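Enquirer:
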Amino acid sequence: MHHRRPRRTGAPPARAQSLGSNKANENLRAGAIDFGSTAGTPALLARANGTPLKTVDVYSQPEWSSLVVAKGSKLDSVEDLKGKKVAVTKGTDPYFCLLQALQTEGLDASDITVVNLQHPDGKTALERGQVDAWAGLDPYLSQSQIDNGSKLIYCNLDFNSYGFLNVSEKFLDAHPDLVQVVVDSYEKARAWIEKNPQAAEKILADTAKIEPAVAAQQLTERTRLDISPVPGAAQTKVLERIAPLLVSEHLVADAKDVGQALDTLYAPQFARKAAAS
Numbered sequence: 001m002h003h004r005r006p007r008r009t010g011a012p013p014a015r016a017q018s019l020g021s022n023k024a025n026e027n028l029r030a031g032a033i034d035f036g037s038t039a040g041t042p043a044l045l046a047r048a049n050g051t052p053l054k055t056v057d058v059y060s061q062p063e064w065s066s067l068v069v070a071k072g073s074k075l076d077s078v079e080d081l082k083g084k085k086v087a088v089t090k091g092t093d094p095y096f097c098l099l100q101a102l103q104t105e106g107l108d109a110s111d112i113t114v115v116n117l118q119h120p121d122g123k124t125a126l127e128r129g130q131v132d133a134w135a136g137l138d139p140y141l142s143q144s145q146i147d148n149g150s151k152l153i154y155c156n157l158d159f160n161s162y163g164f165l166n167v168s169e170k171f172l173d174a175h176p177d178l179v180q181v182v183v184d185s186y187e188k189a190r191a192w193i194e195k196n197p198q199a200a201e202k203i204l205a206d207t208a209k210i211e212p213a214v215a216a217q218q219l220t221e222r223t224r225l226d227i228s229p230v231p232g233a234a235q236t237k238v239l240e241r242i243a244p245l246l247v248s249e250h251l252v253a254d255a256k257d258v259g260q261a262l263d264t265l266y267a268p269q270f271a272r273k274a275a276a277s
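Using UniProt numbering, the letters of the sequence shown correspond one by one to residues 1 to 277.
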């Protein structure tokens, strides 16, 4: 996931890559970045815990999180994970996908051993046999499947939250014109990718240094781009379903904090203007 700082005083924008939504939110909270792209649930969690961010654009509906086991594993279902070690990055979409998947079988995090690792380290741990399963994230997930034969045991598009572009409230208040520039850029890029998927796959493969097949699976097969960029009811529906988990897993102090965060999370005017242009 990337964080972007728009052009200021003639200087080019700086861009940095993080290892997950949790790191992007840490950098936003610290003031190290002005924009951070994350999954929706981590954005809500960050705001509920005091990070002054606003979601200004919804850039995709991805199926980027799934549960996988190593090639040759005898585990075939979520139910089989009981008592097993599962790698996952806490505070990210794969973590919340894992919790929701466990709920489908009447389980929760206490029924497994959660091994908290950043996404690439979770992939390595799975492939080295150090954990029994991994709640993974693309492109690492696709890499593990394509290159190492890792086996998908559970996926559910509805358990993934959307791709959110967030901005610090301080920057939004000071530079709404630049926020609009960034949102416009995201929307132009999204429209271009929809029209030029193969070219976009090549850019992703070259930039991320991944195999073309991995880029194609992530971008074309697992990412829906034909959605409204305006944050609103569709995202709220997903986040309201996940919100109780933030409380039950003691990730927030009070349920009221989650409700207040969700009520004030969106700044939809920028995406609305971009979509209309």
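Backbone N, C-alpha and C define an ideal beta-carbon position, used for all residues, glycine too.
Please read all numbers here as calculations on a predicted model, not as lab measurements.
Measuring CB to CB, does Leu141 end up less than 8 Å from Ala101?
Expert: Position 141 of the sequence shown, counted from the first residue, corresponds to residue 141. Position 101 of the sequence shown, counted from the first residue, corresponds to residue 101. Cβ distance not < 8 Å, so Leu141 and Ala101 don't count as in contact.
Enquirer: What does DSSP give as the partner residues of Tyr266 in its beta bridges?
Expert: By one-based count along the sequence shown, residue 266 stands at place 266. Its beta-bridge partners are Thr55.
Enquirer: Within a Cβ cutoff of 8 Å, which residues of the same chain sit near Asn22, ignoring the five residues on either side of it in sequence?
Expert: As a position in the sequence shown, residue 22 is number 22, starting the count at 1. For Asn22, where only same-chain residues beyond five positions count, the Cβ hits under 8 Å are Pro42, Thr89, Lys90, Gly91 and Thr92.
Enquirer: In terms of DSSP beta bridges, what is Phe164 paired with?
Expert: In the sequence shown, counting from the first residue as 1, residue 164 sits at position 164. Note: Phe164 sits in a beta bridge opposite Thr38 and Val58.
Enquirer: On the premise that Val78 lies in contact with Thr104, defined as a C-beta separation below 8 Å, what is that separation, rounded to the nearest angstrom?
Expert: Position 104 of the sequence shown, counting from 1, holds the residue named residue 104. Position 78 of the sequence shown, counting from 1, holds the residue named residue 78. So it is a contact: roughly 6 Å between Cβ atoms.
Enquirer: Give every residue of the same chain whose Cβ lies closer than 7 Å to the Cβ of Leu251, excluding the five residues on either side of it in the sequence, and list them in chain order.
Expert: Counting from 1 along the sequence shown, the entry for residue 251 is found at position 251. Correct list, in chain order: Leu45.
Enquirer: Which residue marks the beginning of the alpha helix (DSSP H) containing Leu126, and which one marks its end?
Expert: For the purposes of this step, residue 126 is taken as the residue at position 126 of the sequence shown. His119 to Glu127 is the extent of the alpha helix (DSSP H) around Leu126.
Enquirer: Would you call Asn166 buried or exposed, if buried means 16 or more other Cβ atoms sit within 10 Å of its Cβ?
Expert: For this step, residue 166 is matched to residue 166 along the sequence shown. Asn166 comes out buried.
Enquirer: Is Leu137 helix, strand or coil by DSSP?
Expert: For the purposes of this step, residue 137 is taken as the residue at position 137 of the sequence shown. In the structure shown, Leu137 sits in a strand (DSSP, three-state: E or B).
Enquirer: On a CA-only basis, which of Asn49, Ala133 and Ser168 is nearest Val69? Give me that one, please.
Expert: Here residue 69 refers to the residue found at position 69 when the sequence shown is read from its first residue. For the residues Asn49, Ala133 and Ser168, the minimum Cα distance to Val69 belongs to Ala133.
Enquirer: Nearest to Ala205 by alpha carbon, out of Tyr266, Pro139 and Leu157?
Expert: Counting from 1 along the sequence shown, the entry for residue 205 is found at position 205. Closest option to Ala205, Cα to Cα, is Pro139.
Enquirer: Quick check on Asp158: buried or exposed, where buried means 16 or more other Cβ atoms within 10 Å of its Cβ?
Expert: Mapped onto the sequence shown, residue 158 falls at position 158. Exposed, because fewer than 16 other Cβ atoms sit within 10 Å of the Cβ of Asp158.
Enquirer: Could you pull out every residue in the same chain whose Cβ sits closer than 7 Å to the Cβ of Lys273, ignoring the five residues on either side in sequence?
Expert: Reading the sequence shown from its first residue, position 273 is the one you call residue 273. Cβ neighbours of Lys273 beyond the five flanking positions: Gln180.
Enquirer: In angstroms with no decimal places, state the Cα-to-Cα distance between Asp147 and Glu201.
Expert: As a position in the sequence shown, residue 147 is number 147, starting the count at 1. As a position in the sequence shown, residue 201 is number 201, starting the count at 1. Going from the Cα of Asp147 to the Cα of Glu201 covers about 18 Å.
Enquirer: Please list, in chain order, all residues of the same chain as Tyr186 whose beta carbon is under 7 Å from its beta carbon, the five residues on each side excluded.
Expert: By one-based count along the sequence shown, residue 186 stands at place 186. Answer for Tyr186: Asp57, Tyr59 and Leu165, listed in chain order.
Enquirer: Helix or strand or just coil, what does DSSP make of Ala70?
Expert: Taking the sequence shown and counting its residues from 1, one reaches residue 70 at position 70. If DSSP states are grouped into helix, strand and coil, Ala70 belongs with coil.
Enquirer: Taking only beta-carbon atoms, is Val230 less than 8 Å away from chain B?
Expert: Protein chain content of the structure displayed is limited to a single chain, and chain B is not contained in it.
Enquirer: Quick one: using the 10 Å Cβ neighbour count with 16 as the cut-off for buried, is Glu63 buried or exposed?
Expert: Looking up residue 63 in the sequence shown gives position 63. Its Cβ being crowded by 16 or more others within 10 Å, Glu63 is buried.
Enquirer: Rounded to a whole number of angstroms, what is the C-alpha to C-alpha distance between Ala216 and Gln198?
Expert: Along the sequence shown, one-based indexing puts residue 216 at 216. Along the sequence shown, one-based indexing puts residue 198 at 198. Answer to the nearest angstrom: the Cα atoms are 8 Å apart.
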